[in-house]
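So in UniProt numbering, the last one in the sequence shown is 563, and the numbering has no gaps at all. Using N, Cα and C, we set each Cβ at its ideal position, and we do this for glycine too.
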Amino acid sequence: SIKGQYGKHFAFYDDKLRDTLLHRQAITDGMERALASGQFEVYLQPKFRIADGSLSGAEALVRWNHPEWGLQPPSEFIPLFERNGFITRLDQYVWEQACSLMRRWDLMGFPHIDVSVNVSRTDIRDMDMARVLGGLVERYGLDPSRLHLEITESACKDSADQLVETLHRLRKMGFVIEMDDFGSGYSSLNMLTEMPLDVLKLDMKFIQTEVANPSGDSILGFIVSLARWMELSVVAEGVETREQLERLQADGCDYAQGYFLARPMPVKALEELLASPPGCER
Ligand code: C2E
Ligand code: MG
Ligand code: MG
Ligand code: MG
């Protein structure tokens, strides 16, 4: 019957909704304890200098090592934390881990490695980032230029004034500002001139489209020239094939990050890589 059919559908949606709400509630209930008990783990994805294949730094990417659900990717919890405000706490934790690691690597004899951390738009809105980050580099005795701050394009959509002001301040303090996921959707050339930036980080979709369309004109080449002219360096993320890497090299891109070179890995694995650098060549 029609009623039966609809009944089934409603039951289906009800279950789904309830599961989502329960899941959300479980995340909210567990997040404080998770932070206190070290369930959030910073993974590091190496970044390589294309010219010589050397390891120049790493991006800090958080995972939640959940006792029941296993290792959770950021997509499972970051959007919720951005809405409930917990992201500011988690990001401070990740940034501190990044600083503490760089300090440790200094002592291990690798003072040239920098770390990129992700910054949520909630952080910019709700946190005194200059105070927090200034405190961290001071406490760990680091040159601020080793901490790279990745801001996504979408963060530039709203609260643009506050964002520009905050970034100017951080940049003056010596932090390196990167525009993350450039080319993923919200980008405009306007934004490039308004934001105080040091690095353009090209979204992986951008590279994939570029290599899939091997026509004469290279948007990639154009973006790299534009970046040069604006005195920005260029990082390509999501490099998955040798072909993509070669194309990036031909177009003069500075740094590459992606599964073809190395996946995000636990701290210990990155430290092993530091001790025996294989570089870009595979
Ligand atoms: P993102 O900052 O753009 O990071 C790049 C994402 O692409 C990472 O996903 C990385 O694992 C993935 N990736 C790297 N190379 C490749 C590749 O060759 N192919 C493919 N398909 N993917 C690649 P992940 O770790 O799942 O993080 C997703 C997003 O979550 C990040 O995107 C970032 O926006 C956010 N995120 C991660 N950690 C943090 C954090 O500590 N704080 C904040 N606020 N956001 C974070
Ligand atoms: Mg990023
Ligand atoms: Mg990105
Ligand atoms: Mg991304």
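>> Please classify residue 420 as buried or exposed, where buried requires at least 16 neighbouring CB atoms within 10 angstroms.
In response: exposed
>> With the cut-off set at 8 Å, would you say residue 397 and residue 536 are in Cβ contact?
In response: no
> For the candidate residues 463, 475, 474, whose alpha-carbon lies nearest to that of residue 500?
Replying inline: 463
>> Is the separation between the beta-carbon of residue 454 and that of residue 425 shorter than 8 Å?
In response: yes
> Residues in its own chain within less than 7 Å of residue 557 by CB, not counting five upstream and five downstream?
Replying inline: none
> Which parts of the region 374-449 are runs of the alpha helix (DSSP H), unbroken and 4 residues or longer, counting only runs that do not cross its ends?
Replying inline: 402-407, 410-420
> What does a CB cutoff of less than 8 Å around residue 328 pick up in its chain, not counting 5 residues either side in sequence?
Replying inline: 336, 337, 338, 339, 340, 397, 516, 536, 537, 538
> Exposed or buried, residue 482, counting other C-beta atoms within 10 Å across all chains shown (16 or more means buried)?
Replying inline: buried
> CB-CB under 6 Å to residue 379, same chain, minus the five flanking residues each way: which ones, in chain order?
Replying inline: 341, 396, 398
> First and last residue of the beta strand (DSSP E) that includes residue 515?
Replying inline: In this chain, the beta strand (DSSP E) harbouring residue 515 covers 514-517.
>> What does the Cβ neighbour count give for residue 523, buried or exposed, with the cut at 16 atoms within 10 Å?
In response: exposed
> Does any heavy atom of ligand 2 sit closer than 7 Å to the C-beta of residue 461?
Replying inline: yes
> Can you tell me where the alpha helix (DSSP H) with residue 502 in it begins and where it stops?
Replying inline: 500-510
> Would you call the CB atoms of residue 411 and residue 452 closer than 8 Å?
Replying inline: No, Cβ-Cβ distance for residue 411 and residue 452 is not below 8 Å.
> Is residue 570 near residue 548, with beta carbons less than 8 Å apart?
Replying inline: Residue 570 lies beyond the stretch modelled for the chain, which goes from 282 to 563, so this question has no answer here.
>> Using the three-state DSSP reduction, which class does residue 458 fall into: helix, strand or coil?
In response: strand
>> Quick test of your reading: residue 431 and residue 459, contact by CB under 8 Å. State the CB separation rounded to the nearest angstrom.
In response: 5 Å
> Using the beta-carbon count (16 or more within 10 Å), is residue 490 buried or exposed?
Replying inline: exposed
> For residue 545, does the count of other Cβ atoms within 10 angstroms reach 16, so buried, or fall short, so exposed?
Replying inline: buried
> When we look at the beta-carbon of residue 302 and count the other beta-carbons within 10 Å, is it buried (16 or more) or exposed?
Replying inline: Exposed, because fewer than 16 other Cβ atoms sit within 10 Å of the Cβ of residue 302.
> Using 8 Å as the limit for Cβ to Cβ distance, is residue 518 near chain B?
Replying inline: Annotation note: the requested chain B is absent from the structure, which comprises a single protein chain.
> By how many angstroms is the C-alpha of residue 456 removed from the C-alpha of residue 446?
Replying inline: One C-alpha to the other measures close to 14 Å.
> When DSSP labels each residue in this structure, what does residue 340 get in the three-state scheme?
Replying inline: Residue 340 falls in the strand class under three-state DSSP.
>> From the DSSP secondary-structure annotation, give me the bridge partner or partners of residue 568.
In response: Residue numbering for the chain in the displayed model covers 282 to 563; residue 568 lies beyond these limits and cannot be assessed.
> To which residues of the same chain is residue 313 closer than 7 Å at the C-beta, ignoring the five residues directly before and after it?
Replying inline: none
>> Can you list, in chain order, the residues of its chain with a C-beta nearer than 6 Å to that of residue 344? Leave out the 5 residues immediately preceding and following it.
In response: 322, 324, 352
> Are the CB atoms of residue 521 and residue 484 nearer to each other than 8 Å?
Replying inline: No, they are not a contact pair.
> Exposed or buried, what is residue 354 when buried is set at 16 or more other beta-carbons lying within 10 Å of its beta-carbon?
Replying inline: exposed
> Hey, how far is the Cα of residue 479 from the Cα of residue 304?
Replying inline: Roughly 39 Å separates the two Cα atoms.
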